[in-house]
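> Here it is, the structure in full.
Number of protein chains: 2
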Amino acid sequence: MKAWEKNIRKVVPYVPGEQPDKVKMVKLNTNENPYPPAPGVKRAVEEFDYERLKLYPDPTVGKLTKAIAEHHNVDADQVFVGVGSDDVIAMMFLTFFNSDKPILFPDISYSFYSVWANLFGIPFERPALDDNFRIIKEDYYRENGGIIFPNPNAPTSVYEDLELVEDILEHNRDVIVIVDEAYIDFGGRSAIELIDRYDNLMVVQTYSKSRSMAGMRIGYAVGNPVLIKYLNDAKHSFNSYTMNQTSIAFGIEAIRDEEYFRDTLAKIMATRERTKKEMAALGFMFPEPMANFIFATHEKYPAKELFEALREKDIYVRYFTAPRIDNYLRITIGTDEEMDQLIGFFKEYMK
Amino acid sequence: MKAWEKNIRKVVPYVPGEQPDKVKMVKLNTNENPYPPAPGVKRAVEEFDYERLKLYPDPTVGKLTKAIAEHHNVDADQVFVGVGSDDVIAMMFLTFFNSDKPILFPDISYSFYSVWANLFGIPFERPALDDNFRIIKEDYYRENGGIIFPNPNAPTSVYEDLELVEDILEHNRDVIVIVDEAYIDFGGRSAIELIDRYDNLMVVQTYSKSRSMAGMRIGYAVGNPVLIKYLNDAKHSFNSYTMNQTSIAFGIEAIRDEEYFRDTLAKIMATRERTKKEMAALGFMFPEPMANFIFATHEKYPAKELFEALREKDIYVRYFTAPRIDNYLRITIGTDEEMDQLIGFFKEYMK
Numbered sequence: 001m002k003a004w005e006k007n008i009r010k011v012v013p014y015v016p017g018e019q020p021d022k023v024k025m026v027k028l029n030t031n032e033n034p035y036p037p038a039p040g041v042k043r044a045v046e047e048f049d050y051e052r053l054k055l056y057p058d059p060t061v062g063k064l065t066k067a068i069a070e071h072h073n074v075d076a077d078q079v080f081v082g083v084g085s086d087d088v089i090a091m092m093f094l095t096f097f098n099s100d101k102p103i104l105f106p107d108i109s110y111s112f113y114s115v116w117a118n119l120f121g122i123p124f125e126r127p128a129l130d131d132n133f134r135i136i137k138e139d140y141y142r143e144n145g146g147i148i149f150p151n152p153n154a155p156t157s158v159y160e161d162l163e164l165v166e167d168i169l170e171h172n173r174d175v176i177v178i179v180d181e182a183y184i185d186f187g188g189r190s191a192i193e194l195i196d197r198y199d200n201l202m203v204v205q206t207y208s209k210s211r212s213m214a215g216m217r218i219g220y221a222v223g224n225p226v227l228i229k230y231l232n233d234a235k236h237s238f239n240s241y242t243m244n245q246t247s248i249a250f251g252i253e254a255i256r257d258e259e260y261f262r263d264t265l266a267k268i269m270a271t272r273e274r275t276k277k278e279m280a281a282l283g284f285m286f287p288e289p290m291a292n293f294i295f296a297t298h299e300k301y302p303a304k305e306l307f308e309a310l311r312e313k314d315i316y317v318r319y320f321t322a323p324r325i326d327n328y329l330r331i332t333i334g335t336d337e338e339m340d341q342l343i344g345f346f347k348e349y350m351k
Numbered sequence: 001m002k003a004w005e006k007n008i009r010k011v012v013p014y015v016p017g018e019q020p021d022k023v024k025m026v027k028l029n030t031n032e033n034p035y036p037p038a039p040g041v042k043r044a045v046e047e048f049d050y051e052r053l054k055l056y057p058d059p060t061v062g063k064l065t066k067a068i069a070e071h072h073n074v075d076a077d078q079v080f081v082g083v084g085s086d087d088v089i090a091m092m093f094l095t096f097f098n099s100d101k102p103i104l105f106p107d108i109s110y111s112f113y114s115v116w117a118n119l120f121g122i123p124f125e126r127p128a129l130d131d132n133f134r135i136i137k138e139d140y141y142r143e144n145g146g147i148i149f150p151n152p153n154a155p156t157s158v159y160e161d162l163e164l165v166e167d168i169l170e171h172n173r174d175v176i177v178i179v180d181e182a183y184i185d186f187g188g189r190s191a192i193e194l195i196d197r198y199d200n201l202m203v204v205q206t207y208s209k210s211r212s213m214a215g216m217r218i219g220y221a222v223g224n225p226v227l228i229k230y231l232n233d234a235k236h237s238f239n240s241y242t243m244n245q246t247s248i249a250f251g252i253e254a255i256r257d258e259e260y261f262r263d264t265l266a267k268i269m270a271t272r273e274r275t276k277k278e279m280a281a282l283g284f285m286f287p288e289p290m291a292n293f294i295f296a297t298h299e300k301y302p303a304k305e306l307f308e309a310l311r312e313k314d315i316y317v318r319y320f321t322a323p324r325i326d327n328y329l330r331i332t333i334g335t336d337e338e339m340d341q342l343i344g345f346f347k348e349y350m351k
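Chains as they are written, first to last, in full-length UniProt numbering: chain A, 1 to 351; chain B, 1 to 351.
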């Protein structure tokens, strides 16, 4: 090892789902939305004046923050915007989790949490979900340095109702509690309604799933203005201009079109219900899905085998090797046509 | 203070130059390029298919990285791309500067360096520039945890030749040395030619100044593939998808058009030469400018007074209250027409 390597921070990075770029693929591996962004985004793209790119964007991201605040009926100072919810959560780990006590998150959960904790040297513990992949709320009554969990959970798609969220908040008034709601729009009820009662609650949402804008990288947190201010101070100590001109222009349009948003969600949820039935008929088992994916296992066919067989047909789903979930496939809800191809494959394979 | 505030990281953020949004302003305060991005960018904007936004971007930023590597005649694994050079440097502070020894950078320099150091708890020392704002290279012979300096320097516009850069490298083989070349294209010679000889050298450049793309947020580092790998590991432990679809598509076009790039630079440098003469004739003094701005002081008129008087006429320049530089204005080189307005104002004011 060279001398200059000694003081380098060495970490094991998060591994995102692969992004194959084939014309005829069926891409059900990264929980993207199969429908295009709102029509307003199309207009904003068409009308975008490229000359504006010579100027810095607004570092306060004022207009986009305001549009998001209006959508959620909160004040602009209750909203923090970042480059996808990953950026928002990374900044939160850096800003909020500086205790010697471990932060807590479920053992089966978004795999980036432990990566962030390792990057910043934050101690953590992972209380185990029960056998049905449900959170055991009593596990979060112990002393800790902060709490984060996704709701619905990833990669299980399991949703916990607001009573459980509030119970965890009630037992943790002295630390920051983050509810990561990347998938909340697919049938869940957001904890944003609790922010006025719990000044230590931060709720994170994203444009990547329900708003068909994974390619734009926009996420945000909603909560107490005091916490938002600390978060902005840290952000402006890292990179002042994170949101580029196009993110701001297109992001405003995407959140304003409520009707298109509701229509898209309804279509995905209808496809999910249909897919559930077909998969159950094929012998798959899965917890009740409340996100835009199904987390499925099969008695007879190992998940890894199915994953590889699908891949050979250019049907991409996600497979994790982690303990307890290494016999499951995480399958994104695509269009009806895409799900037909998937189901068709399974029928053929299991014949 | 609430209990949950106890473990929050509290920092004093960087304060970017203001981004006024007036129709008739003369904006010479944030070193943007007065000319639009390359024609290829215009085409890429027009041809951009908004439907692509539903998909995640390539987390490896492969095509943009390749285009940048080709421009600099290096390999793709020698290039790291981020959301502006601020993002690149922030990630470098986090990744490379983990020694107990202080990192070194000049006392008068990019003011974000100390903000990053404070954010991550990195000890630092700031050797003083000499009275002509030149780096005293011997100050960098002492033991340290890493070195960073801009060349040309900000906000002075002073350029140090590659001999000085190489001398500092020769005396610091055991730590990472970062040369921040945000302004190198306006007449300087890049240290990228030294990367094969110094495996501990990282050179940072940006699209924000010479490529008229401040609004797009693209910066990059060039250097040893081993260091680039460490940097990518840290980046993928923070946020895997930092570069959105538009940044990648437009960024590729911006770096490919060499002719437009050279033309734009020539125009700005010609305007700089003319502005120098006119300002000198008005009694301004300034170090020889080698960036797209002039760092000027006047014997008779205090900088703060001029700054405020200009502001009232919607002519924006940058003024810093820091010691040693609080009687200077940093004036971006705009179009000839914009500089005429500035010079016209000074003539009127000093009559």
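The beta carbon of each residue, even a glycine, is placed where N, CA and C say it ideally should be.
All values reported here derive from a predicted model rather than from experimental measurement.
Nearest-angstrom Cα distance between residue 378/B and LYS351/A?
Absent from the model: residue 378/B. The displayed extent of chain B is 1 to 351, so no value can be given.
> Can you tell me the Cα-Cα spacing of ALA128/B and GLY146/B, whole angstroms?
Taking the straight line from one Cα to the other gives about 17 Å.
> Kindly say whether SER85/B, judged by its beta-carbon, lies nearer than 7 Å to any beta-carbon of chain A.
With 7 Å as the cut-off, SER85/B does not count as an interface residue toward chain A.
> Which residues in chain B have a C-beta closer than 7 Å to the C-beta of GLN19/A? List them in chain order.
Correct list: TYR56, ASP58, PRO59.
> To which residues does DSSP link GLY82/B through a beta bridge?
GLY219/B.
> Mind checking who MET279/B pairs with in its DSSP beta bridge?
Looking at the DSSP assignment, MET279/B forms no beta bridge with any residue, so it has no partner.
> Near PRO20/A, which residues of its chain fall below 8 Å by C-beta distance, leaving aside the five closest residues on each side in sequence?
Only LYS27, ASP314, TYR316 meet the Cβ criterion.
> Can you list, in chain order, the residues of its chain with a C-beta nearer than 6 Å to that of SER99/A? Leave out the 5 residues immediately preceding and following it.
These residues qualify, in order along the chain: GLY145.
> Please confirm whether ARG324/A has its beta-carbon closer than 7 Å to some beta-carbon of chain B.
ARG324/A does not count as touching chain B.
> Which residue comes first and which comes last in the beta strand (DSSP E) that contains residue 352/A?
This structure cannot settle anything about residue 352/A, because the visible part of chain A is limited to 1 through 351.
> Sort out for me which residues DSSP pairs GLU103/B with in a bridge.
A quick correction: the sequence has Ile, not Glu, at residue 103/B. Answer is PHE124/B.
> Name, going along the chain, the residues of the stretch 75 to 102 of chain B whose beta-carbon falls closer than 8 Å to a beta-carbon of chain A.
For the stretch 75 to 102 of chain B, which is checked against every Cβ of chain A, the residues closer than 8 Å are VAL83, GLY84, ASP86, ASP87, ALA90, LEU94, THR95, PHE96, PHE97, ASN98, SER99.
> What residues in the stretch 195 to 218 of chain B have a beta carbon less than 8 Å from any beta carbon of chain A?
Listed by position, the residues of the stretch 195 to 218 of chain B near chain A (Cβ gap below 8 Å) are ASP199, ASN200, SER208, SER212, MET213, ALA214, GLY215, MET216, ARG217.
> Using 8 Å as the Cβ pair cut-off and three pairs as the minimum, do the stretch 72 to 80 of chain A and the stretch 263 to 270 of chain A touch?
In short, these stretches do not touch, since the Cβ pair count stays below three.
> Between ILE294/B, THR335/B, LYS24/B, which has its C-alpha nearest TYR328/B's C-alpha?
Here the closest residue by C-alpha is ILE294/B.
> Closer than 9 Å between beta carbons: that is the criterion. Which residues of the stretch 130 to 157 of chain B meet it against chain A?
Those residues of the stretch 130 to 157 of chain B that come within reach of chain A (Cβ to Cβ, closer than 9 Å) are GLY145, GLY146.
> Look at the Cβ atom of ALA296/A, then the Cβ atom of PHE307/A, and state whether they are nearer than 7 Å.
Not in contact: ALA296/A and PHE307/A (Cβ atoms no closer than 7 Å).
> If the cut-off is 7 Å on Cβ atoms, which residues from the stretch 218 to 238 of chain A count as contacting chain B, listed in chain order?
Correct list: TYR230, ASP233, ALA234, HIS236, SER237, PHE238.
> In chain B, which residues lie with their C-beta within 7 Å of the C-beta of ILE176/A?
Here the neighbours are TRP4.
> Check whether the Cβ atoms of LYS42/A and TYR50/B lie closer than 7 Å to each other.
Cβ distance < 7 Å, so LYS42/A and TYR50/B count as in contact.
> Give the straight-line distance between the Cα atoms of ILE176/B and LEU201/B, rounded to the nearest whole angstrom.
For ILE176/B and LEU201/B, the distance between alpha carbons rounds to 6 Å.
> Mark MET1/B as exposed unless 16 or more other C-beta atoms lie within 10 angstroms of its C-beta, in which case mark it buried.
By the 10 Å Cβ count, MET1/B comes out exposed.
> How about ILE268/B and ILE333/B: do their beta carbons lie closer than 7 Å?
Yes.
> Is the beta carbon of VAL79/A within less than 6 Å of some heavy atom of the ligand HEM?
As far as ligands go, the structure on display features none, and thus does not contain the ligand HEM.
> Would the stretch 213 to 227 of chain B and the stretch 240 to 253 of chain B be scored as touching if the rule is three or more Cβ pairs under 8 Å?
Segments in contact, yes.
> Write down every uninterrupted run of the beta strand (DSSP E) in the stretch 183 to 230 of chain A whose length is 3 residues or greater and which is fully enclosed by it, in chain order.
Listed in chain order, the complete beta strand (DSSP E) runs (minimum 3 residues) inside the stretch 183 to 230 of chain A are 201 to 206, 219 to 223.
> Suppose you measure from the CA of THR156/B to the CA of MET213/B; what does that come to, to the nearest Å?
Looking at the two C-alpha atoms, the distance is approximately 22 Å.
> How is TYR113/A classed by DSSP in three states: helix, strand or coil?
Reduced to three states, the DSSP call for TYR113/A is helix.
> Between which two residues does the beta strand (DSSP E) containing ARG52/B stretch?
First-last for ARG52/B: undefined, no H or E at that position.
> Count the other CB atoms within 10 Å of the CB of GLU348/B; is the residue buried (16 or more) or exposed (fewer)?
Per the 10 Å Cβ criterion, exposed.
> When you compare each of LYS276/A, GLU299/A, GLN205/A, LEU194/A to PRO289/A by their alpha carbons, which one comes out closest?
Minimum Cα distance to PRO289/A is reached at LYS276/A.
> Apart from the five residues just before and just after LYS235/A, which ones in its own chain have a Cβ nearer than 8 Å to its Cβ?
Once the five neighbours on either side are set aside, the close Cβ partners of LYS235/A are PHE80, GLY82, MET91, THR242.
> Following the continuous beta strand (DSSP E) through residue 361/B, name the residue where it begins and the one where it ends.
Residue 361/B is absent from the structure shown; chain B starts at 1 and stops at 351.
> Is there a Cβ from chain A that is less than 7 Å from the Cβ of ILE252/B?
Judged by the 7 Å Cβ criterion, ILE252/B is not in contact with chain A.
> With distances taken from CA atoms, which of ARG311/A, ALA322/A, ILE331/A, ASN33/A is nearest LEU25/A?
The sequence given here places Met at residue 25/A; Leu does not occur at that position. Comparing Cα positions, the closest option is ARG311/A.
> Quick check: is the beta carbon of GLN341/A nearer than 7 Å to any beta carbon in chain B?
Not one chain B Cβ lies under 7 Å of GLN341/A.
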